[in-house]
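Heads up: the structure comes next, in structure tokens.
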Amino acid sequence: MERFIKQYPIYTEIPVAWGEMDALQHVNNVVYFRYFETARIDFFNQINLLDELQSTQIGPVISENTARYKRPVTFPDTLLVGVSISDIKQDRFMMHYSVYSQAQQAVTTLGSSQVVMFNFKTGKKAELTPALLDALKSHELADA
1 MERFIKQYPI YTEIPVAWGE MDALQHVNNV VYFRYFETAR IDFFNQINLL
51 DELQSTQIGP VISENTARYK RPVTFPDTLL VGVSISDIKQ DRFMMHYSVY
101 SQAQQAVTTL GSSQVVMFNF KTGKKAELTP ALLDALKSHE LADA
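First residue of the sequence shown? That's 1 in this note's numbering, and the numbers climb one at a time after it.
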């Protein structure tokens with residue numbers, strides 16, 4: 001777990017709820033997208049992106065999500081969802097998620113989201129601000 005935390009300095013701890021399991025007695029596949037969303041919003045809060053959204057009306061929208069399931073997760077468990085960044089462009093970036101099970105002491109799920117900056121006043125794409133660009137680069141994948 002220490003290695004995971006070192007690799008993902010921004011991570012979100014999420015307890016698995018009994019009701020998230022399906023008839024096959026493991027966390028339903030769709031629930032992982034909620035976990036990704038929770039970690040994404042936590043990450044955005046920590047880099048002050050949502051504060052910027054309030055003042056500029058420019059913020060993130062998701063254009064694509066993916067998930068790769070490596071191991072089933074069951075209740076009870078607590079997950080750590082680590083976030084990293086890659087493929088930073090003028091108006092978009094890729095977020096990567098790694099879900100670590102404390103019960104299994106292993107990564108169970110990997111995911112990603114294509115994030116596009118959007119101007120909610122004009123209804124058009126927007127460029128990353130210099131402050132956001134710096135914050136994203138500080139969490140960029142080492143091999144990106």
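The beta-carbon is built from N, C-alpha and C at its ideal position, and this holds for glycine as well.
- T108 counts as buried, since no fewer than 16 other beta carbons sit within 10 angstroms of its beta carbon.
- Every alpha helix (DSSP H) of 4 residues or more that sits fully in the region 48-134 is shown, in chain order, as 49-56.
- Classified as buried, T12 has 16 or more neighbouring CB atoms from the shown chains inside 10 Å of its CB.
- Cβ-Cβ distances below 7 Å link Q57 to N119, F120, K121 in the same chain, with the five nearest sequence neighbours on each side left out; the list follows chain order.
- Beyond the five residues adjoining it in sequence on each side, F43 comes within less than 6 Å, by CB distance, of I10, V83 in the same chain, given in chain order.
- An exposed status is given to G19, since fewer than 16 other beta-carbon atoms sit within 10 Å of its beta-carbon.
- In the three-state scheme derived from DSSP, where H, G and I count as helix and E and B as strand, Y32 is classed as helix.
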